[in-house]
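K.L.:
Take a look at this one; I'll ask things after.
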Amino acid sequence: MKRLYYALLGLAIFSLVPSKLNAQCNGCQISLPNLSVDTIYMDSIPNAGVNTAYEEAISFRFPHTTNSMSSFGVPAGITIQSITLNNMSGLPAGLTYTFGQSPATYNQAMPTPRDGCLTICGTPNDTGTFPVILNCTVNVQFVGATPIAVPLVMKVVCFNTTSTLNITACDSFISPSGKVWTQSNTYYDTIPNAAGCDSIITVNLTVPIINTGISQVGELLMAIESAADSIFWINCSTKAILPGYTSKTVLIDSNGSYAAVLYKDGCSDTTGCMTINNGSTGIEYNELAMSSQLYPNPSDGHFNLDLGKRYGNIQITVTDISGKAIAKRNYASAQQLELMFHEKPGIYFVEIEADGYRTVSRVILK
């Protein structure tokens, strides 16, 4: 039962204020729980959704005496001749109301209950909490006195409109009430206002998870994140962007420290830095990379490797896309080699070390 606010004024009012009937809502049917006849009661008003059609019937019962109002400080034993509904105020913009009868005067004699209803309808376009007031006029009969009419204010403590926010946030999101959320989920936030009401907000929060792992095979760097919208690579020492390096797997032929900057769902993060040290100059390294050939590519697993010249000590390492080494072979004094891979179809990397020089080739097994 909602709280009841009232005021008994010293000035007698002998004419009732006409009731307001707003014809925009449908009629209502009275539906009440099991109550005593001489009591005051009003249904709770269900919350509304912003920009969502709304229609609710609210039932109530008015008392015959002030006996049921003693908990609100009203003296008991005063006879109530009638109660008239004047108007309802405080509804959010877009909502209106209709009283269940016109005139909205309830003067049934005991033991007939003074039951009624009203309808609230429309499409609210404001979010927040709204103290709704039902303004009434009450005719009371004091013992040995002339009946008088006094105003009665029934205040529905809270009428909430709910709203939904769809948020994508990087790292964390601070809710309207100040809560900090760091994981994707559906959250419910409550904001109290000065009237003691709560505004209820549903927050569908997405916090993109960016895998900042990175793996390295020689000069081959691989960002682990598989669903990045875009990638670029930087020199960790100078913060300079490496032009043209925009894939998750890159082959970098210059000594230095490098990292990938990853963009996903509007957020960005940076991997750790990996150091490349060829043990030789970039020119010597590029000479090996440019002279060696690995073919055919794609292949069914049978590859030919031409190093361009004879090398004394040769080591071949094969890794999968995750950076896991799956084969390693050593050769001596050779220029041309025949390589056989017995792996499932996919992308692999062949790292070649020859007399202190290194290069990495990307191959496809079909």
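Take 6 as the starting number for the sequence shown in this note's numbering and just add one per residue. From the three backbone atoms N, C-alpha and C, an ideal C-beta is built for every residue, glycine too.
Around the Cβ of VAL185, are there at least 16 other Cβ atoms within 10 angstroms (buried) or fewer (exposed)?
P.N.:
So VAL185 ends up on the exposed side.
K.L.:
Determine the contact status of ASN130 and GLY99, defining contact as a CB-CB distance below 8 angstroms.
P.N.:
Going by C-beta atoms, ASN130 is nearer than 8 angstroms to GLY99.
K.L.:
Go ahead and label ASN39 buried or exposed: buried means 16 or more other beta carbons lie within 10 angstroms of its beta carbon, across all protein chains shown.
P.N.:
Exposed is the call here.
K.L.:
Take ALA339 and list the residues in its own chain whose beta-carbon comes closer than 8 angstroms to its own, dropping the five residues that flank it on each side.
P.N.:
Correct list, in chain order: LEU312, ARG315, TYR316 and ILE319.
K.L.:
Can you say whether GLY105 is buried or exposed, counting buried as having 16 or more other CB atoms within 10 angstroms of its CB?
P.N.:
Under this definition GLY105 is a buried residue.
K.L.:
Determine the extent of the beta strand (DSSP E) in which GLY317 is found, giving its start and end residues.
P.N.:
Where GLY317 is concerned, the enclosing beta strand (DSSP E) stretches over 307 to 325.
K.L.:
Determine the direct distance from the alpha carbon of THR71 to that of SER20, and round the result to whole angstroms.
P.N.:
Residue placement at SER20 cannot be trusted, given a pLDDT of 22 that sits under 50; what the coordinates show is reported in the next sentence. In a straight line, the C-alpha of SER20 is about 21 angstroms away from that of THR71.
K.L.:
Give the straight-line distance between the Cα atoms of SER204 and THR128, rounded to the nearest whole angstrom.
P.N.:
Looking at the two C-alpha atoms, the distance is approximately 17 angstroms.
K.L.:
Give the secondary structure of MET74 by DSSP, where H, G and I count as helix, E and B as strand, and everything else as coil.
P.N.:
MET74: helix per DSSP, three-state reduction.
K.L.:
For a test of the three-state rule: what should DSSP assign to SER262, helix, strand or coil?
P.N.:
Strand at SER262.
K.L.:
Just list the beta strand (DSSP E) runs in the segment 54 to 123, keeping only unbroken ones of 3 residues or longer that don't cross its boundaries, in chain order.
P.N.:
Correct list: 59 to 67, 84 to 94 and 100 to 104.
K.L.:
Buried or exposed: GLY121, going by 16 or more other Cβ atoms within 10 Å of its Cβ?
P.N.:
With 16 or more Cβ atoms within 10 Å of its Cβ, GLY121 is classed as buried.
K.L.:
Touch check for the segment 266 to 273 and the segment 356 to 371: three-plus C-beta pairs under 8 angstroms?
P.N.:
Cβ pair count under 8 angstroms is below three, so no.
K.L.:
Express the C-alpha separation of GLY95 and PHE135 in angstroms, rounding to a whole number.
P.N.:
Spanning the two alpha carbons is a distance of roughly 6 angstroms.
K.L.:
Measuring only the C-alpha atoms, how far is SER36 from ASP176?
P.N.:
Cα-Cα distance, rounded: 50 angstroms.
K.L.:
Candidates SER273, THR195 and GLY261: which alpha carbon is nearest GLU224's?
P.N.:
The candidate whose alpha carbon is nearest that of GLU224 is GLY261.
K.L.:
With distance defined between alpha-carbon atoms, name the residue in GLY351, THR207 and GLN298 nearest to LEU376.
P.N.:
What the structure shows of the chain is the stretch from 6 to 371, and residue 376 is not part of that stretch, so it cannot be assessed.
K.L.:
Buried or exposed: where does TYR193 fall if 16 or more other Cβ atoms within 10 Å of its Cβ makes it buried?
P.N.:
The residue in question, TYR193, is exposed, as its Cβ has fewer than 16 Cβ neighbours within 10 Å.
K.L.:
So, is ALA233 buried or exposed, given that buried needs 16 or more other C-beta atoms within 10 angstroms?
P.N.:
Per the 10 Å Cβ criterion, buried.
K.L.:
If you count every other CB in all the chains shown that lies within 10 Å of the CB of ALA330, and 16 or more means buried, which is it?
P.N.:
Exposed, because fewer than 16 other Cβ atoms sit within 10 Å of the Cβ of ALA330.
K.L.:
Mind checking who GLU348 pairs with in its DSSP beta bridge?
P.N.:
Answer by DSSP bridge pairing: none, since GLU348 is not bridged.
K.L.:
Of the residues GLY351, ILE257, ILE85 and ILE138, which one's Cα is nearest the Cα of ASP325?
P.N.:
Per the Cα distances, GLY351.
K.L.:
Taking the beta strand (DSSP E) that PHE237 falls in, what are its first and last residues?
P.N.:
Run containing PHE237: 235 to 240, per the beta strand (DSSP E) assignment.
K.L.:
Helix, strand or coil for SER182, going by three-state DSSP, please let me know.
P.N.:
It is coil, neither helix nor strand.
K.L.:
Given a threshold of 16 other Cβ atoms within 10 Å of its Cβ, counted over all protein chains shown, does MET115 qualify as buried or as exposed?
P.N.:
Result: exposed.
K.L.:
From ASN140 to ILE88, what does the alpha carbon distance come to, in whole angstroms?
P.N.:
Those two C-alpha atoms are separated by around 10 angstroms.
K.L.:
DSSP puts THR280 in a beta bridge; with which residues?
P.N.:
DSSP output for THR280 lists SER262 as bridge partner(s).
K.L.:
Output the distance between the C-alpha atoms of ALA58 and THR84, rounded to the nearest integer angstrom.
P.N.:
Going from the Cα of ALA58 to the Cα of THR84 covers about 41 angstroms.
K.L.:
Compare the beta carbon distance of TRP238 and VAL222 with 8 angstroms and say whether it is the shorter of the two.
P.N.:
Not in contact: TRP238 and VAL222 (Cβ atoms no closer than 8 angstroms).
K.L.:
State the Cα-Cα distance for the pair SER107 and ALA62, rounded to the nearest angstrom.
P.N.:
Near 16 angstroms, if we compare the C-alpha coordinates of ALA62 and SER107.
K.L.:
With distances taken Cα to Cα, identify the nearest neighbour of PRO303 among VAL42, PHE354 and ILE281.
P.N.:
Checking every option, the nearest Cα to that of PRO303 belongs to PHE354.
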